[in-house]
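Below is one structure; the comments refer to it alone.
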Amino acid sequence: MKQIRATACTGFSLLEVSIALVIIGLLLAVGVLSWNTLAETRRLAKARAQLLEVRDCMLRASLLHEHYPSDADFLRCSNATGLDPWGGGLRMIRGVTTAGLALDESFAVVTDAARDQTLTLPDGNASRAILLPEGENRTSIAFAVVSLGKNRAADHPSLAGLNTATIVPLAASMDFSSPTKDDVVLPVQGYEVMGYLRNVVGPQ
Numbered sequence: 010m011k012q013i014r015a016t017a018c019t020g021f022s023l024l025e026v027s028i029a030l031v032i033i034g035l036l037l038a039v040g041v042l043s044w045n046t047l048a049e050t051r052r053l054a055k056a057r058a059q060l061l062e063v064r065d066c067m068l069r070a071s072l073l074h075e076h077y078p079s080d081a082d083f084l085r086c087s088n089a090t091g092l093d094p095w096g097g098g099l100r101m102i103r104g105v106t107t108a109g110l111a112l113d114e115s116f117a118v119v120t121d122a123a124r125d126q127t128l129t130l131p132d133g134n135a136s137r138a139i140l141l142p143e144g145e146n147r148t149s150i151a152f153a154v155v156s157l158g159k160n161r162a163a164d165h166p167s168l169a170g171l172n173t174a175t176i177v178p179l180a181a182s183m184d185f186s187s188p189t190k191d192d193v194v195l196p197v198q199g200y201e202v203m204g205y206l207r208n209v210v211g212p213q
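Structure representation (structure tokens):
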């Protein structure tokens, strides 16, 4: 009769299985973090594109109505683009004292009602500025379009009004300067409104 020789078991030990599971877990965690980072980068790019779309819509309104973009212009333009990528509504900072103020003859487009009137320019006071992450202070703000980002809340006390109101006036040193915060802002200065009108219809 043929004898069958017993062989030793060569399976994985509990320690080896544990190490393998730890490695797999780490790889999965890195993959999830990378995916989340990529997804957030895409949302940020989409938010910036959305702010540009609203800005362009408001500049077209200034050409059509011959005035600085008004609160109503912002609401119409922002409603057309919808919520930001995080599901929050867009906000506006108003830099002109009287929203919708007619543009006078220093602009390319002139209304009869605005002729010979002194134009109210956006506030150029250095203490009333928007501070950007690049370290630049923007003054003479006609308007700014804002997304409050992932947390849907203003990240600096100077921006607290944006938590409760869709449109707020330009205040002292509205601070978007921290690159670690998630607020996104697109400021538009008075000269940009003028430049847009001149590029579209030419100087008069």
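Just remember that the numbering used here sits 9 ahead of the position in the sequence shown, which is counted from 1.
Even glycine gets a Cβ: it sits at the ideal position worked out from N, Cα and C.
Please read all numbers here as calculations on a predicted model, not as lab measurements.
Asked	Found
ALA81: first and last residue of the uninterrupted alpha helix (DSSP H) it sits in	80-90
Three-state secondary structure assigned by DSSP to ASN146	strand
DSSP-derived helix/strand/coil call for HIS76	strand
Proximity of LEU157 and ASP184 at Cβ, strictly below 8 Å	no
Residue of ALA135, SER136, VAL118 minimising C-alpha distance to LEU128	VAL118
Pairwise C-alpha distance: THR46 and ILE32	21 Å
PRO178, enclosing beta strand (DSSP E) - first and last residue	176-178
Contact between the region 173-190 and the region 139-153 (3+ Cβ pairs under 8 Å)	yes
Contact check, ILE176 vs PHE116, beta carbons under 8 Å	no
Limits of the beta strand (DSSP E) - the one that ARG124 falls within	That residue, ARG124, is in no beta strand (DSSP E); it is neither H nor E in DSSP.
For PRO94 and ALA56, believed in contact at Cβ under 8 Å, the rounded distance	5 Å
In DSSP terms, what ASP184 is bridged to	LEU140
Beta-carbon contacts of LEU92 that lie in its chain and below 7 Å, excluding the five residues immediately before and after	GLY98
Separation of TYR200 from LEU73, as counted between CA atoms	18 Å
ARG100, enclosing beta strand (DSSP E) - first and last residue	100-103
Check whether ASP132 and LEU179 have beta carbons under 8 Å apart	yes
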